[in-house]
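Residue numbers in the first sequence follow the numbering used here, run continuously in steps of one, and reach 415 at the last position.
Cβ atoms here follow ideal geometry from the backbone N, Cα and C, with glycine treated the same way.
Right, one structure below, let's go through it.
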Amino acid sequence: MRQSSLFTKTRREAPKDELAKNAQLLIRAGYVHKEMAGVYAYLPLGLKVVERIKAIVREEMEAIGGNELLMTSLQSKELWEKTDRWDDKNVDVWFKSVLKNGSEVGFGWSHEEPITELMTEYLASYRDLPAYVYQFQTKLRNELRAKSGIMRGREFVMKDMYSYTTDEEAHLKFYNAAIQAYHNVFMHVGLGELTYLTFASGGAFTQFSHEFQTVSEAGEDTIYVHKKKRLAVNKEVLTPEVLEKLDVKREELVEEKAIEVGNIFSFGSIKSEQLGLKYKDEEGTEKPVILGSYGIGITRLMGTIVESFADEKGIVWPEAVAPFAYHLVSLAGNNGDVAAYAESLYEELTDAGKSVLYDDRDVRAGEKFADSDLMGLPWRIVVGKDTLSSGQLELVHRKTGETTHLTRSELLAR
RNA sequence: CGGGGUGUCGUAUACCGGUAGUACGCCUGCUUUGGGAGCAGGUAGACGGAGUUCAAUUCUCCGCACCCCGACCA
């Protein structure tokens with residue numbers, strides 16, 4: 002993409018109404034636009050990052066048998082009354098409205114109920130199970146207090162997956178596969194080292210739920226990390242019994258602040274019973290389906306990545322989620338030969354299938370470099386006067402600042 | 001929801017009970033061109049309402065918005 006055709010601009014200063022690093026940088030670099038407190042629009046560059054994260058998550062969800070679908074934002078009051086989660090006394094994040102005909106509707110803050118009800122239409126026999134479905138949805142939650150930039154908004158993109166299985170054994174098998182898939186996701190986006198499978202308060206069905214917590218100063222949760230065992234315990238369940246069950250000692254744990262980037266838990270058969278999701282087993286006996294739920298906050302993950310890797314100059318994207326792999330910076334000025342060289346290099350790289358943002362703007366070098374640092378693409382290719390005489394291109398690694406020189410063909414072969 | 005705070009050109013800020021200033025941005029021209037250029041000219045602003053006052057952007061009250069702490073957080 003030519004930067005001259007990108008409508009967004011960078012800003013020199015952080016907006017005064019944002020304290021969170023992720024929001025400051027994402028706004029300055031033109032990735033997101035704040036619409037109101039806790040509500041952010043994703044601009045072209047930001048959308049690319051969201052889509053890249055989604056692609057990584059999608060790949061893992063497909064690998065464990067997920068069927069992607071897209072549920073609705075408008076949800077029925079009657080449905081949620083069946084599970085006693087319509088009343089504001091029980092769920093305090095509802096946005097609600099009224100249709101012209103007087104019916105009340107809610108705006109989806111979660112989708113267990115609608116998807117489980119949907120499943121009653123399709124799942125009837127043990128032969129239909131298991132079923133795994135997932136979606137990427139914009140969740141709407143009327144949070145009392147939005148905070149931390151895109152990390153905790155009233156509107157955010159989430160991947161939610163639900164598993165429907167015949168019994169506990171099948172459920173646990175999938176549950177463990179999901180844990181592995183989640184590990185793969187966090188590894189792939191570059192947060193693997195910082196992210197811990199964390200034991201958190203469970204529910205009626207199991208002792209624990211599992212969270213995936215990324216250690217970060219910007220975190221809202223407090224966890225106790227066991228570095229050797231690569232696991233953690235949420236502060237809310239840090240009890241002698243839990244430590245014993247996990248076979249860890251309190252003094253082996255380190256307290257950390259962390260961001261909850263994923264959460265998985267078991268519903269058992271409660272919701273299936275409430276919503277009438279049953280199947281017939283081999284003997285023809287009717288049984289409730291076992292339900293599991295698996296979430297990853299896509300936009301929160303994006304914020305976590307910014308928080309985790311940004312430096313004093315700006316964002317530093319891991320290659321797997323960067324909006325473009327290369328930032329081709331042309332320092333042509335009024336030198337037509339340099340401009341022509343940069344143009345042809347851009348064409349050639351793009352034709353070779355490389356993902357390139359080409360800074361073809363007529364601005365000075367300092368501004369281009371500062372913008373490039375702020376936007377945080379992994380590799381910067383600099384084309385200047387010297388390039389023409391030496392035949393050497395400058396390749397700068399955003400993360401380390403390391404600069405290497407290479408020829409055009411070496412770059413293309415990369 | 002409890003507590004605290006802040007609202008000034010597009011952005012970041014300054015000052016002030018009496019003509020609202022600066023920087024960046026944006027527009028025009030000239031120069032400049034490897035780390036946010038220089039000169040000249042131009043554009044653009046007091047969240048809304050009520051009150052106090054000769055006079056309110058400034059003080060008071062109400063509303064709204066935003067931020068922070070806490071509570072909350074499948």
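For residue i, count neighbouring C-beta atoms within 10 Å of its own C-beta (all shown protein chains included) and say buried if the count is 16 or more, exposed if not.
i           : result
residue 157 : buried
residue 287 : exposed
residue 353 : exposed
residue 313 : exposed
residue 71  : exposed
residue 241 : exposed
residue 273 : buried
residue 398 : exposed
residue 237 : exposed
residue 308 : buried
residue 99  : exposed
residue 331 : buried
residue 379 : buried
residue 374 : buried
residue 139 : exposed
residue 222 : buried
residue 414 : exposed
residue 252 : exposed
From residue i to residue j, what does the alpha carbon distance come to, in whole angstroms?
i           : j           : result
residue 67  : residue 245 : 35 Å
residue 18  : residue 41  : 13 Å
residue 201 : residue 342 : 56 Å
residue 418 : residue 43  : Absent from the model: residue 418. The displayed extent of the chain is 2 to 415, so no value can be given.
residue 351 : residue 357 : 7 Å
residue 104 : residue 130 : 35 Å
residue 346 : residue 363 : 17 Å
residue 348 : residue 355 : 10 Å
residue 404 : residue 226 : 36 Å
residue 155 : residue 315 : 26 Å
residue 165 : residue 172 : 8 Å
residue 372 : residue 366 : 10 Å
residue 64  : residue 13  : 43 Å
residue 8   : residue 185 : 35 Å
residue 75  : residue 107 : 6 Å
residue 384 : residue 317 : 21 Å
residue 26  : residue 368 : 16 Å
residue 36  : residue 141 : 14 Å
residue 280 : residue 207 : 22 Å
residue 329 : residue 111 : 42 Å
With a CB to CB cut of under 6 Å and the five nearest residues on each side skipped, what residues in its chain are close to residue i?
i           : result
residue 183 : 213, 263
residue 224 : 199, 214, 233, 235, 257, 259
residue 209 : 200, 203
residue 189 : 57, 321
residue 412 : 394
residue 149 : 21
residue 305 : 215, 260, 262
Report the option in the options whose CA atom is closest to the CA atom of residue i.
i           : options            : result
residue 22  : 330, 389, 310, 355 : 310
residue 215 : 248, 136, 187      : 187
residue 233 : 104, 218, 256      : 256
residue 1   : 367, 81, 169, 217  : Not covered by the structure: residue 1. The range shown for the chain is 2 to 415.
residue 143 : 248, 55, 109, 207  : 109
residue 254 : 230, 140, 275, 124 : 230
residue 167 : 153, 160, 283      : 283
residue 59  : 33, 228, 133       : 133
Pick helix, strand or coil for residue i, following the three-state DSSP scheme.
i           : result
residue 259 : strand
residue 102 : coil
residue 392 : coil
residue 310 : helix
residue 162 : strand
residue 45  : helix
residue 300 : helix
residue 412 : helix
residue 56  : helix
residue 33  : strand
residue 73  : coil
residue 25  : helix
Going by beta carbon distance, what residues of the same chain come within less than 8 Å of residue i, once the five residues before and after it are set aside?
i           : result
residue 211 : 180, 198, 199, 200, 201, 264, 265, 266
residue 392 : 408, 409
residue 388 : 339, 342, 394, 395
residue 53  : 321, 322, 323, 324
residue 326 : 320, 355, 356, 357, 378, 379, 380
Here's a check: name, in chain order, each residue in its chain whose Cβ is nearer than 7 Å to the Cβ of residue i, leaving out the five neighbours to either side.
i           : result
residue 38  : 147
residue 10  : 31
residue 218 : 258
residue 5   : 361, 362
residue 83  : 275, 276
residue 137 : 55, 158, 160, 299
residue 1   : In the structure as shown, the chain starts at 2 and stops at 415, and residue 1 therefore has no counterpart that could be examined.
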